[in-house]
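Protein chains: 2
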Amino acid sequence: MKGMTEPRWLNADERRAWLALVSINTLLPAALDTKLHAAGKLSLFDYTVLAMLSEAEGRFLPMSELAARSSASLSRLSHVVTKLQKRGWVERRPHPHDARVTTAHLTDEGMETIVGLAPGHVEDVRDLFLDALTEQDVLDLARIGEKVVGRLDTDHWILREG
Amino acid sequence: MKGMTEPRWLNADERRAWLALVSINTLLPAALDTKLHAAGKLSLFDYTVLAMLSEAEGRFLPMSELAARSSASLSRLSHVVTKLQKRGWVERRPHPHDARVTTAHLTDEGMETIVGLAPGHVEDVRDLFLDALTEQDVLDLARIGEKVVGRLDTDHWILREG
DNA sequence: AGCGTCTAGTTGAAGAATCAACCACCCGCC
DNA sequence: GGCGGGTGGTTGATTCTTCAACTAGACGCT
Chain A
5 MKGMTEPRWL
15 NADERRAWLA
25 LVSINTLLPA
35 ALDTKLHAAG
45 KLSLFDYTVL
55 AMLSEAEGRF
65 LPMSELAARS
75 SASLSRLSHV
85 VTKLQKRGWV
95 ERRPHPHDAR
105 VTTAHLTDEG
115 METIVGLAPG
125 HVEDVRDLFL
135 DALTEQDVLD
145 LARIGEKVVG
155 RLDTDHWILR
165 EG
Chain B
5 MKGMTEPRWL
15 NADERRAWLA
25 LVSINTLLPA
35 ALDTKLHAAG
45 KLSLFDYTVL
55 AMLSEAEGRF
65 LPMSELAARS
75 SASLSRLSHV
85 VTKLQKRGWV
95 ERRPHPHDAR
105 VTTAHLTDEG
115 METIVGLAPG
125 HVEDVRDLFL
135 DALTEQDVLD
145 LARIGEKVVG
155 RLDTDHWILR
165 EG
């Protein structure tokens, strides 16, 4: 049982930070979803999956690695890959040395799709988000953001050094 | 047609900031959803709706105002209020002077629910998020977060001065 | 009073996310 | 060599979200 002692309520600045984060959290994906849906009938998550594959060596990744890089559950990813597969953007193949693993491969058609979408998407990210910030803001946000990610998931892939 | 010119790709820090934000965006709500679901079978969004009502004068708000304060569409809110109503936490009442308006009222039972949940939730927010940050981080995040919110929605309620 | 337009909200169907149950396979160990 | 636990992945049911269509009342104009 937790909370027998008086909780430490949020002070004004903590509350501001928290509310802003929650608001960004609903507003930003919604806006990008709208843009991407208009540009190519896909969601931000669909886009992220394709983008992660396009940046991977050989344009394929095991499902679990792809799930990690898109911060999704295996279940969610599996459903989405099925959808992307039906559209011809992704293929599933068995792993040669471990029969448990499935690898998701980006098809040529999938590559064309994301290459066509990427410039517009990057522009949208700037419009909606980055252009509001100074260079210092970007630096601060990267620092703070990575701290938070580290707390939420110690082994998160964006924290791997390379 | 957009994008005839070469897009400005993200530099290293912009990419770090962007990836961190996207990751936080999926990880944080998921973690809080899990906690809240364990504590009381509700989602972060359900919680937010109840919290906004509990903080409102008279513990009621018009649907549109409640939608604004929880960053949701009227449609989403309407479905959720229906659900909360079935659990006895919220009531719908007509507005006395404008028959178009429905007001959502927090019931006593709803108030008890959120009062019971709030200390644990605040602790979770600290555990998962705020405790990773210094005071300066919190200040920076509040400043940057509000800038971003302002860009996404000029009239967002958290930016109203009061 | 009657018309058009805008605002507030609801609804049902369609698509997406989560959860729990499940299968198949790998690996270490007896 | 086979048993047990852990890993990688899929599936279907349930729940949530979104989208488009719709009702109804307010407000302004003539």
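Chains A and B, in that order, give the protein sequences.
Going by the working numbering, the first residue of the first sequence is number 5, and it counts up by one from there.
Going by the working numbering, the first residue of the second sequence is number 5, and it counts up by one from there.
Think of the CB as a built atom: it goes at the ideal place given N, C-alpha and C, for glycine as much as any other residue.
Check whether the Cβ of residue i lies closer than 8 Å to any Cβ atom in chain A.
{"i": "Ile-118 of chain B", "result": "no"}
{"i": "Val-84 of chain B", "result": "no"}
{"i": "His-41 of chain B", "result": "no"}
{"i": "Val-129 of chain B", "result": "yes"}
{"i": "Lys-45 of chain B", "result": "no"}
{"i": "Leu-145 of chain B", "result": "yes"}
{"i": "Val-105 of chain B", "result": "no"}
{"i": "Ser-58 of chain B", "result": "no"}
{"i": "Trp-93 of chain B", "result": "no"}
{"i": "Ser-75 of chain B", "result": "yes"}
{"i": "Pro-98 of chain B", "result": "no"}
{"i": "Pro-66 of chain B", "result": "no"}
Mark residue i as exposed unless 16 or more other C-beta atoms lie within 10 angstroms of its C-beta, in which case mark it buried.
{"i": "His-101 of chain A", "result": "exposed"}
{"i": "Gly-7 of chain A", "result": "In this prediction, Gly-7 of chain A scores a pLDDT of 44, lower than 50, which makes its location untrustworthy; the coordinate-derived value is nonetheless stated afterwards. Counting Cβ neighbours within 10 Å, Gly-7 of chain A comes out exposed, since fewer than 16 surround it."}
{"i": "Gly-120 of chain B", "result": "exposed"}
{"i": "Glu-165 of chain B", "result": "exposed"}
{"i": "Ala-76 of chain B", "result": "buried"}
{"i": "Ser-2 of chain A", "result": "No statement about residue 2 of chain A is possible, as the shown extent of chain A runs from 5 to 166 and does not include it."}
{"i": "His-160 of chain B", "result": "buried"}
Give the DSSP bridge partners of residue i, in chain order.
{"i": "Glu-95 of chain B", "result": "B:His-109"}
{"i": "Leu-65 of chain A", "result": "A:Ala-108"}
Of all the options the options, which has the alpha carbon lying nearest to the alpha carbon of residue i?
{"i": "Leu-48 of chain A", "options": "A:Ala-60, A:Glu-61, A:Thr-111, A:Ala-34", "result": "A:Ala-34"}
{"i": "Phe-64 of chain B", "options": "B:Asn-29, B:Trp-93, B:Leu-54, B:His-109", "result": "B:His-109"}
{"i": "Leu-14 of chain A", "options": "B:Glu-150, B:Leu-78, B:Glu-139, B:Glu-113", "result": "B:Glu-139"}
{"i": "Leu-132 of chain A", "options": "A:Thr-107, A:Thr-158, A:Pro-98, A:Leu-32", "result": "A:Leu-32"}
{"i": "Leu-163 of chain B", "options": "A:Arg-19, A:Arg-97, A:Arg-12", "result": "A:Arg-19"}
{"i": "Lys-90 of chain A", "options": "A:Leu-78, A:Gly-114, A:Pro-98", "result": "A:Gly-114"}
{"i": "Trp-93 of chain A", "options": "A:His-125, A:Val-126, A:Thr-52, A:Glu-69", "result": "A:Thr-52"}
{"i": "Val-152 of chain B", "options": "A:Leu-156, A:Arg-130, A:Val-153", "result": "A:Arg-130"}
{"i": "His-83 of chain A", "options": "A:Gly-124, A:Arg-73, A:Met-67, A:Pro-98", "result": "A:Met-67"}
For residue i, decide whether its Cβ has a neighbour in chain B, counting only Cβ atoms nearer than 8 Å.
{"i": "Arg-164 of chain A", "result": "no"}
{"i": "His-160 of chain A", "result": "yes"}
{"i": "Ala-35 of chain A", "result": "yes"}
For residue i, go through chain A and note every residue whose CB falls closer than 8 Å to its CB, in chain order.
{"i": "Val-152 of chain B", "result": "Ala-24, Ile-28, Leu-32, Phe-133, Ala-136, Leu-137"}
Identify the contact partners of residue i in chain B, using a Cβ-Cβ distance below 7 Å as the criterion.
{"i": "Glu-18 of chain A", "result": "Leu-134, Val-142"}
{"i": "Ala-21 of chain A", "result": "Val-142, Leu-145, Ala-146, Gly-149"}
If the cut is a Cβ gap below 7 Å, which residues of chain A does residue i touch?
{"i": "Asp-157 of chain B", "result": "Leu-31"}
Taking residue i as the query, report the chain B residues whose CB atoms sit under 9 Å from its CB, ordered along the chain.
{"i": "Leu-14 of chain A", "result": "Val-126, Val-129, Arg-130, Leu-134"}
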